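Just below is one structure, and these are the notes that go with it.
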Amino acid sequence: DEEARAVGLNAAILKRWIAWLKTNPSELGPWRALAADRPDELWNALSGLPSSLQTAFAEAPGSLREAAERYGRILHEEPFRPLITSAEFPASIPIAEIDSFLTGDDRGMVRKLRRKVEELHHHPGAPPRAMTLEDLPTPHTPRVFIRGNPGSPGEEVPRQFLAILSPDERTPFKDGGRLELARAITDPANPLTARVFVNRVWAQHFGAGLVRTPSNFGVRGDPPTHPELLDWLARAFVAEGWSMKRLHRLIVLSSVYRQSSRDHAEYRKTDPLNLLLWRQSRRRLDLEAMRDSVLAVSGALDLTMGGRSVEITTAPFSTRRTVYGYVDRLNLANLYKTFDFAVPDMHSPQRFVTTIPQQALFMMNSPFIMEQAGKVTAQSDIQREEDPARRIQAIYRRVFGREATERELSLGVAYVKNASPAEGPKAPIWQYGWGTGAADFHALPTHTAQGRQGGAKLPDPALGWCLLTATGGHAGSDVAHGVVRRWTSPRAGTIVISGTLGHPSPAGDGVRGRIVSSRQGEIAAWNAARLDAETRISGLKVEAGETIDFVVDCRADNNSDTFTWAPSIRMGEEEWNAQAGFGSPAPTPAAGLSAWEKSVHVLLESNEFFFVD
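FYI, in the working numbering the residues of the sequence shown are 1 to 613.
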């Protein structure tokens, strides 16, 4: 390493050259003679070498540079290719060792490029990449680990197929075993694979398999209800080239699949679990089918194939198929749990079907379902029908794929004619802004860990030091830029306001605090400079939707205008505290559903939509 640094060479490259030269390659004989300044040995070194090398050195070169140039002109020729392409040649650097041959600047550049590759791999538009494995050139035979301890290897385990599923004479695998295992699993003579597969496909169509324990065909599993049918389907599946499409076609065209799900009391007495398939099974849609069906009837379903998973449980709601929904194995979203999604961190042979109140509550209260109900009513085939009866028929055709009955028509028309108008969106109880109060109110645009303010950094170029926190804040640069904490009355009544306006700094001329009503104007005002001011108002009557603004401005001097003021408002037994109510900006409440949207919402909750019958 010291020699390499002394001459300005890469130490790793120098070591490879030294190691290679110790093998004494004959092709470098002329070079060694010239480098040792023994030109009389040049002719002996050329003996037995390729003719192109003898021709190149027929005359002795005048310098080592000239000798290097002559080597450079002939090394690409055929006699020398094995030399320079061998793994031992110093320039044949293994990919795994390439980093050790780079300079510091080169390593920095490689790190930057690798980060860019990682960014590309994690980009939402990156293509999916399959994980692959490659067998070792010479596979090793594994051993049994005694008590599971790798440090205590036991007897060898030959790489071969399972003994219980093999003839007496098993042939060991020649290669690593993965390909041979895959071939053995899909061997037409394997009695298990095809039966397991067709049983699961059958369960998709009928709600339960011919074997009710789909992951256990052993002695502890349930025996097949129709063993001959299972054998016949498995043989047909293999004979048709393992074609899933043909298997599905075979099942759905059968008379047993096309049965009605109507009940027969006599049959039910004999076979209450329908094991003998005397009727089709009623089945609730699973999560994926339910959500996709809602999106389909609303016209919003995104059928794009492939891509990364997306969040489907929070607004703004994705319209991609549910199969692309993001599944957090450590913290499964409540939507998945509610609708019997399989536990993602363990093997689940089948989903268990439950009927619980949370499912109905989700359909009734979910913003996602309400949003899709609105999209259904906005479809052109529904909007163009001005007659209520014709519009209801259009809704039934879109949601159920059928015409409404006379009773459904009469109920629907009566409802939309007599329903109350939709309520508009309600303002949040607490809002945060700047201005002088009442009509002069502008929302503070930025929410940070500190509070609500004018921009990402203080002072903001436009709004200066305007800041509201849970307990107080800082006034703006002039009276017109006061900070405003707004409370909106949820109903009419009489309120009591209490609180303390404080100015803790010994500098500056203090702050002014005002209470301003949108209906009554300024209610009261106080000054606080290095002292506290009690801000109590009793018996103030307010109307529903009336706003009460708590405004703080800087008075004449805008120096040191940090203040504390977290008022409380009480109406009867109910109280709203500014500090307790402060937090992340609340989402804007959605407007209430119209009568038409409520009608669609009810249909989306119905058993007819929710069940395959």
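Heads up, the beta-carbon is just placed ideally off N, CA and C, and yes, glycines get one too.
Computed from a prediction, not measured in an experiment: that's the story for all the values here.
- Distance from the CA of P153 to the CA of F89, rounded to the nearest whole angstrom, comes to 40 Å.
- The segment 496-510 makes no contact with the segment 454-461: fewer than 3 CB pairs, one atom from each, lie closer than 8 Å.
- Residue burial is scored here from C-beta neighbours: A438 has at least 16 other C-beta atoms within 10 angstroms and is therefore classed as buried.
- Taking C-beta atoms under 8 Å as the contact rule, Y267 and H205 fail to qualify, at a distance of about 20 Å.
- Contact between L295 and T319 holds, since their C-beta atoms are separated by about 6 Å, short of 8 Å.
- D561 is positioned such that its CB atom lies no closer than 8 Å to that of V484.
- In terms of Cβ geometry, L250 and A265 do not form a close pair [threshold 8 Å].
- Sixteen is the threshold: since fewer than 16 other Cβ atoms of the shown chains lie within 10 Å of the Cβ of Q259, the residue is exposed.
- A straight line joining the alpha-carbon of L287 with that of I312 spans about 12 Å.
- The three-state reading of DSSP puts P153 in strand, counting E and B together.
- In summary, N559 is exposed, with fewer than 16 beta-carbon neighbours lying within 10 Å of its beta-carbon over all protein chains present.
- I369 is classed as buried because its beta carbon has at least 16 other beta carbons within 10 Å across all chains shown.
- Measuring C-alpha to C-alpha distances from I98 to each of H123, S26, Q280, N10 identifies N10 as the nearest.
- Cβ-Cβ separation between Y324 and G307: approximately 7 Å, consistent with a contact (criterion under 8 Å).
- Inside the segment 410-445, DSSP marks whole beta strand (DSSP E) runs of 3 or more residues at positions 430-437, 440-443, from first to last along the chain.
- Approximately 5 Å separates the beta-carbon atoms of D345 and R329; this is inside 8 Å, confirming the contact.
- In this structure A67 is in contact with L34, their Cβ atoms being roughly 5 Å apart against a cut-off of 8 Å.
- A contact is defined here as three or more CB-CB pairs under 8 Å, and the segment 458-471 fails this definition with respect to the segment 529-537.
- Considering only P150, A289, E180, D175, the residue with the shortest C-alpha distance to F161 is E180.
- By the neighbour-count definition (other C-beta atoms within 10 Å, threshold 16), P30 is a buried residue.
- The alpha-carbon of L247 is positioned some 8 Å away from that of V198.
- DSSP lists G435 as the beta-bridge partner residues of G482.
- Ranked by how close their Cα comes to the Cα of S477, the residues S489, L540, D557, L332 have D557 in first place.
- In the DSSP assignment, W526 forms a beta bridge with G513.
- Under the criterion of beta carbons closer than 8 Å, P214 and Q350 qualify as touching, at roughly 6 Å.
- Distance from L285 to F610 at the Cβ level is roughly 6 Å; contact confirmed, criterion being Cβ atoms closer than 8 Å.
- In this structure, E27 and L83 form a Cβ contact; the two beta carbons are roughly 6 Å apart against a cut-off of 8 Å.
- Separation of L463 and E408 (C-alpha to C-alpha, rounded to the nearest whole angstrom) is 58 Å.
- A straight-line Cα-Cα distance of about 42 Å links F173 and S254.
- Between the segment 595-612 and the segment 522-532, the count of C-beta pairs closer than 8 Å stays below three; the two stretches do not touch.
- Contact annotation, G433 with F441: C-beta distance approximately 5 Å; criterion of less than 8 Å satisfied.
- With respect to the 8 Å criterion, S47 and I74 are not classified as neighbours on the basis of their beta carbons.
- Take T103, set aside five residues on each side of it, and the residues of its chain with a beta-carbon closer than 8 Å to its own are N10, in chain order.
- The distance from the Cβ of V602 to that of D549 is about 41 Å, inconsistent with a contact at the 8 Å cut-off.
- When only Cα atoms are considered, F317 and R200 end up about 32 Å apart.
- Pairing L332 with Q372, the inter-Cα distance amounts to about 24 Å.
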